[in-house]
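>
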Amino acid sequence: MKLTIHGAAQQVTGSMHLLQVGQYKILIDCGLDYDKDRSMQSNENFPFNPADIDVVILTHAHIDHSGNLPTLIRLGYQGQILCTAPTADLTELLLFDSVSIFMSKQEKSRKHNRKNRHSSGVQPLYLHKHVMDTVEQFVTIGFNKPFRLNGDVELTFIPVGHLLGAAAAVLKINDNGEEKTIAFTGDIGRKGYPVLNDPSPLPPVDYLVTESTYGGRMHTKDKTVEQVLIETIEKACIQERGRMIIPAFSIGRTQSLVFSLNKIFSQGLLPAVPVFVDSPLALRSTTVYRKHHHLVNDEAKDFYNQQGDEFEFDNLTYIESLQESKQVSNYFEPCIIISSAGMLEGGRIQDHLFHNIQNYYCTILFIGYCAKGTLGHRLLRGDPIVRIKDRELSVYATIKQTDVLSAHGDHEDLMNNVKSQSNNKIKNVFLVHGELASMEAMAAALETDGYPVVIPEKGVAYEL
Numbered sequence: 001m002k003l004t005i006h007g008a009a010q011q012v013t014g015s016m017h018l019l020q021v022g023q024y025k026i027l028i029d030c031g032l033d034y035d036k037d038r039s040m041q042s043n044e045n046f047p048f049n050p051a052d053i054d055v056v057i058l059t060h061a062h063i064d065h066s067g068n069l070p071t072l073i074r075l076g077y078q079g080q081i082l083c084t085a086p087t088a089d090l091t092e093l094l095l096f097d098s099v100s101i102f103m104s105k106q107e108k109s110r111k112h113n114r115k116n117r118h119s120s121g122v123q124p125l126y127l128h129k130h131v132m133d134t135v136e137q138f139v140t141i142g143f144n145k146p147f148r149l150n151g152d153v154e155l156t157f158i159p160v161g162h163l164l165g166a167a168a169a170v171l172k173i174n175d176n177g178e179e180k181t182i183a184f185t186g187d188i189g190r191k192g193y194p195v196l197n198d199p200s201p202l203p204p205v206d207y208l209v210t211e212s213t214y215g216g217r218m219h220t221k222d223k224t225v226e227q228v229l230i231e232t233i234e235k236a237c238i239q240e241r242g243r244m245i246i247p248a249f250s251i252g253r254t255q256s257l258v259f260s261l262n263k264i265f266s267q268g269l270l271p272a273v274p275v276f277v278d279s280p281l282a283l284r285s286t287t288v289y290r291k292h293h294h295l296v297n298d299e300a301k302d303f304y305n306q307q308g309d310e311f312e313f314d315n316l317t318y319i320e321s322l323q324e325s326k327q328v329s330n331y332f333e334p335c336i337i338i339s340s341a342g343m344l345e346g347g348r349i350q351d352h353l354f355h356n357i358q359n360y361y362c363t364i365l366f367i368g369y370c371a372k373g374t375l376g377h378r379l380l381r382g383d384p385i386v387r388i389k390d391r392e393l394s395v396y397a398t399i400k401q402t403d404v405l406s407a408h409g410d411h412e413d414l415m416n417n418v419k420s421q422s423n424n425k426i427k428n429v430f431l432v433h434g435e436l437a438s439m440e441a442m443a444a445a446l447e448t449d450g451y452p453v454v455i456p457e458k459g460v461a462y463e464l
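Last residue of the sequence shown: 464 (UniProt numbering), numbering continuous.
In structure tokens:
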């Protein structure tokens with residue numbers, strides 16, 4: 001049995017892991033690598049023949065785990081894509097949205113190359129037809145229900161929080177008569193996160209492939225989500241009578257944020273500042289959350305039963321049309337604008353930034369991780385000038401970041417997840433999905449506690 005980490009090796013994006021059991025090839029996740037955002041086409045250079053893969057397992061819908069599936073299919077993969085039902089629904093939305101982003105980038109590239117009659121601009125990685133082909137290959141599996149892949153491999157999905165439908169993939173394998181178990185965590189959530197259930201413990205495994213995004217770093221524990229939001233809104237929108245822009249992933253982060261704001265306003269803890277969710281994708285994904293409402297946590301269910309829809313309140317407006325979005329840009333009263341994409345690499349958030357980045361009375365609050373190479377990362381590191389919509393703009397807006405809404409577990413959460421395994425029985429812990437510094441911090445802590453740790457190199461095959 002061999003494991004090869006083809007993506008998210010010593011970096012966060014592009015999760016893609018190949019497990020070979022004899023001649024049987026299992027691909028766990030197939031995400032877009034945003035560290036290559038200046039050359040997105042490099043995502044189509046698979047280090048294996050897609051047609052040779054026997055089955056794909058998808059841990060959750062986020063694009064750094066799912067976003068390259070249509071490319072895999074375009075280049076020859078014809079098998080099943082196994083995931084939970086919410087993951088299938090959310091991934092479909094995200095992949096169609098990716099096509100829209102690709103087409104937008106192609107149009108911008110064409111405008112830059114008008115002088116060259118032979119240039120057609122940057123070609124999209126895939127088109128709508130490839131997404132439709134991908135959706136047809138989804139096979140959904142419930143949580144905690146063993147599913148046999150073949151005579152030697154059995155898959156069980158364990159809920160891990162992080163996003164509706166997100167799961168760790170636990171594989172029980174008969175490897176030439178020897179039983180082995182390996183788990184791929186995908187992304188691990190955190191306890192007490194709005195809307196989502198806490199991560200469930202994993203069963204005992206021989207090998208663990210775990211994310212390490214926040215290795216060595218702890219989330220804020222002294223303030224709740226509501227306390228941070230109240231403080232920030234109070235200053236930005238009430239004291240300064242300005243606007244607050246919150247870049248947020250349309251799927252997952254936006255629903256948790258809206259529910260948190262709903263609790264604040266329903267209790268009268270703040271005046272009813274207008275809230276605009278400017279993301280058609282967020283509107284559609286919220287419908288998926290309602291469809292799978294049986295999977296939300298007890299707090300969200302109780303709120304729904306006692307006060308109504310947790311994703312609706314009087315001063316909240318969902319924006320769908322581009323005309324409505326432009327009206328929000330011209331709304332000069334204090335307000336909160338929630339828009340995607342969370343890393344600022346596309347979507348309507350760029351229009352709102354374009355109109356507000358030079359506004360002293362605007363606060364931009366980041367509530368999630370921004371990968372290197374993204375506009376969000378450049379703003380967070382303090383670049384005084386950034387390029388938005390083909391213009392160099394000085395940054396006068398206030399830039400803030402909070403981790404209270406991070407859907408990733410912190411160092412303590414990650415360590416507890418590993419330490420649920422016996423250090424005498426587990427044979428290796430592979431760290432993926434993190435910057436090298438985070439991996440090294442987590443590896444040092446685990447080794448101190450007696451766990452065998454590997455920080456895998458990209459493309460290197462490890463015998464298990």
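The beta carbon of each residue, even a glycine, is placed where N, CA and C say it ideally should be. What you are looking at is a predicted structure, and each value in this text was computed from that prediction instead of being measured.
May I have the straight-line CA-CA distance separating F96 from V131, to the nearest angstrom?
Each residue's Cα considered, the two are about 7 Å apart.
> Using 8 Å as the threshold, is the C-beta distance between V225 and P194 below it?
Yes, Cβ-Cβ distance for V225 and P194 is below 8 Å.
> Thinking C-beta only, is I338 closer than 8 Å to T254?
Yes.
> What would DSSP say about R190, mapped onto helix, strand or coil?
The answer is coil: DSSP assigns R190 none of H, G, I, E or B.
> By DSSP, does P199 sit in helix, in strand, or in coil?
In this structure, P199 counts as coil in the three-state DSSP scheme.
> From what residue to what residue does the alpha helix (DSSP H) around I264 run?
From DSSP, the alpha helix (DSSP H) with I264 extends over R253 to S266.
> Could you name each continuous beta strand (DSSP E) segment of 3 residues or more that falls completely within the UniProt domain "Beta-Casp" (254–379), going from the start of the chain to the end?
Taking only runs of at least 3 residues, the beta strand (DSSP E) segments lying wholly in the UniProt domain "Beta-Casp" (254–379) are 275–278, 316–319, 335–339 and 362–366.
> Under 8 Å, do Y34 and P70 count as touching if we go by C-beta distance?
Cβ distance not < 8 Å, so Y34 and P70 don't count as in contact.
> Would you mind stating whether V139 and T156 have Cβ atoms separated by less than 8 Å?
Against a cut-off of 8 Å, the Cβ pair of T156 and V139 comes out as no contact.
> Can you tell which of P47, E435 and A88 has the C-alpha that lies nearest to the C-alpha of I57?
Of P47, E435 and A88, the residue nearest in Cα terms is A88.
> How should M218 be labelled, buried or exposed, when 16 other C-beta atoms within 10 angstroms of its C-beta is the threshold for buried?
Classification of M218: exposed, given that the 10 Å Cβ count is below 16.
> What three-state label does DSSP hand H219 in the structure shown?
Of the three classes helix, strand and coil, the one that applies to H219 here is coil, per DSSP.
> Are there 16 or more other CB atoms within 10 angstroms of the CB of H6, so buried, or fewer, so exposed?
Buried, because 16 or more other Cβ atoms sit within 10 Å of the Cβ of H6.
> Measure the alpha-carbon distance for A444 versus S212 and round it to whole angstroms.
Spanning the two alpha carbons is a distance of roughly 12 Å.
> CB A61 to CB L90, shorter than 8 Å?
Yes, Cβ-Cβ distance for A61 and L90 is below 8 Å.
> Can you say whether S420 is buried or exposed, counting buried as having 16 or more other CB atoms within 10 angstroms of its CB?
Flag for S420 reads exposed.
> Starting from the Cα of G14, find the closest Cα among V454, L75, S66 and D54 and give me that residue.
Checked all of V454, L75, S66 and D54; the closest Cα to G14 is S66.
> Measure the C-alpha to C-alpha separation of F48 and E310 and round it to an integer number of angstroms.
Taking the straight line from one Cα to the other gives about 45 Å.
> Please identify the residue among L202, E299, D298 and Q350 whose C-alpha is closest to the C-alpha of L322.
For L322, the nearest C-alpha among the options comes from Q350.
> Hey, how far is the Cα of L414 from the Cα of K389?
Using only the alpha carbons, I get a separation of about 38 Å.
> With DSSP collapsed to three states, give me the class of S394.
Correct three-state label for S394: strand.
> How long is the line joining the alpha carbons of V273 and T374, rounded to whole angstroms?
Approximately 30 Å, taken between the alpha carbons.
> Is it buried or exposed for I238, if we count other Cβ within 10 angstroms and need 16 for buried?
Exposed is the call here.
> Based on DSSP bridge pairs, tell me the residues matched to C83.
Per DSSP, T140.
> Assuming G346 contacts I63 under a Cβ cut-off of 8 Å, what Cβ separation, rounded to an integer in Å, is found between them?
Actually they are not in contact, since the Cβ atoms of G346 and I63 sit about 11 Å apart, beyond 8 Å.
> Measuring alpha carbon to alpha carbon, tell me which of Q10, V21, A437 and P334 ends up nearest N176.
With distances taken between Cα atoms, N176 lies closest to V21.
> Near E457, what residues of its chain come up, given a Cβ to Cβ distance below 8 Å and the 5 sequence neighbours on each side ignored?
So the qualifying residues of the chain are I5, A9 and Q10.
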